[in-house]
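Student: To start, I am sharing the structure in question, which I have written as structure tokens.
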Amino acid sequence: MTTTRVHLPAVAAAFALALLPTLVSAQPVDRGPAVAGAPARPVGPRPPERPPTARSWSGLVRFGNAYDSNIDQNETNHQAFGVILGTGVQYVDDPSDPSVQFTYETGLHRYGGTDRWNRVSHYARGQVTQDLPWRWAKLDVIGELSLKGTTEERELSNQANVTPRLNLRLSRRNRLRVLAAWRERRYDDAARDASNRYVGTEFSHRGGQGREWTIEARVERNHAASNRYDWDRFTWGGEYVVPLGRRGRLELELKYRRVLYTSRTVEINDEDVLRRDHRWTPTIVWRHAITPMTELRLGYTRDSRDSNDVRRDFAADQALFGITRRF
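FYI, the numbering for the sequence shown is -1 to 325, going by our numbering.
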């Protein structure tokens, strides 16, 4: 891990108004990779955004200023400002109707006042889409690999994912997605290394004037090298997207996760009981296309965990200002 400290200028705080996604997300995320501490996206990775050109290959650069009021997610409430620089390439075989897609991004992360989160991350994602005999159904398979990225729990790890998805067009405006995933995670602490499985579903509705809402549900099981880190998790979420003017849009998201540990206990009233966590993550993001190839992103996330192990309770405010340039 890099130990270089960076003293960020005060102006970084003024710009830290939204959360830049880390170049690696456990859920592959989904509208591009996310920066450390960023909330994970809805169930199942979403295809990377493509530039509005007919070229098969394209590149991008990212810049962001980030702020986290509790970057270590504990009672110390350690605040940190950060700078994220990233670059990457994307490929689609047919921009109008892609059947093969590939993305690679790498990012440099530097935070003031902490060494733990200073790193270089890597993220690679491939997707193959196959039309089925029925016009209303498609099948795609997504593979992802991330190094020094963040999981949905905002923890540093290396991770490999394989996610098959069945996409069903129920009507002109309604879509249903059913998916499953296999994930392997590796941490600095070998006891936490885990195989992770989940199944989930998403339902989305496209309204008039570009409005869209999505609801999701997921059931997940984590098997770790040490049973102390074995757990079952249930996720429910919703997202609403509305256009703002000709070039902008507002994204509102709320996610709730309930984690049930299968072996880890906590003492309550002189009795050992299994640990239970509840986590709420509301997010608001504003995107604006400065030019057809340049996007501005501002966002805010409130991340909080309530546990019957009071030592694990925490709350954090995360904000970021980010710009992405495609070429």
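Where a beta carbon is used, it is the ideal one built from N, C-alpha and C, also for glycine.
State buried or exposed for glutamine 316, treating a residue as buried only when at least 16 other CB atoms are found within 10 Å of its CB.
Tutor: Burial call: buried.
Student: Under three-state DSSP, which class holds alanine 223?
Tutor: Three-state DSSP puts alanine 223 in coil, outside helix and strand.
Student: Where do the ends of the beta strand (DSSP E) carrying histidine 76 lie?
Tutor: From DSSP, histidine 76 is part of no beta strand (DSSP E); its letter is neither H nor E.
Student: When the distance is taken between beta carbons, is tyrosine 109 closer than 8 Å to serine 144?
Tutor: Against a cut-off of 8 Å, the Cβ pair of tyrosine 109 and serine 144 comes out as no contact.
Student: Output the boundary residues of the beta strand (DSSP E) element that contains serine 67.
Tutor: Neither: serine 67 is in no beta strand (DSSP E) and is coded neither H nor E.
Student: Going by Cα to Cα distance, which pick from Gly111, Gly86, Gln207 is closest to glutamate 103?
Tutor: Taking only the C-alpha atoms, the option nearest glutamate 103 is Gly86.
Student: Based on the DSSP secondary-structure assignment, which residues constitute the bridge partners of tryptophan 284?
Tutor: Per DSSP, Leu248, Leu296.
Student: Quick one: give me the first and last residue of the beta strand (DSSP E) that leucine 130 is part of.
Tutor: Premise fails: leucine 130 is in no beta strand (DSSP E) and is neither H nor E.
Student: Here's the rule I'm using: 16 or more other beta-carbon atoms within 10 Å means buried, otherwise exposed. How should valine 308 be labelled?
Tutor: Burial call: exposed.
Student: Here's a check: name, in chain order, each residue in its chain whose Cβ is nearer than 6 Å to the Cβ of glutamine 77, leaving out the five neighbours to either side.
Tutor: Excluding residues within five positions, the ones whose Cβ falls inside 6 Å are Ser67.
Student: Given that a residue counts as buried once 16 or more other Cβ atoms are within 10 Å of its Cβ, and exposed if not, what is aspartate 301?
Tutor: So aspartate 301 ends up on the buried side.
Student: Which runs of the beta strand (DSSP E) spanning at least 3 residues fall entirely within the region 74 to 115, listed in chain order?
Tutor: Whole beta strand (DSSP E) segments, 3+ residues: 78 to 90, 98 to 109.
Student: Which word fits alanine 314, buried or exposed, when buried means at least 16 other C-beta atoms lie within 10 angstroms of its C-beta?
Tutor: So alanine 314 counts as buried.
Student: Check for me: the beta strand (DSSP E) holding alanine 158 runs from which residue to which?
Tutor: Unbroken beta strand (DSSP E) run through alanine 158: 154 to 167.
Student: Determine the contact status of valine 197 and alanine 178, defining contact as a CB-CB distance below 8 Å.
Tutor: Yes, the pair counts as a contact, with Cβ atoms nearer than the cut-off.
Student: Which partner residues does proline 241 have in the DSSP bridge list?
Tutor: In the DSSP output, where bridge partners are listed per residue, proline 241 has Arg247.
Student: Give a yes or no on whether the C-beta atoms belonging to leucine 248 and valine 240 are separated by under 8 Å.
Tutor: Yes, the Cβ-Cβ distance between leucine 248 and valine 240 is below 8 Å.
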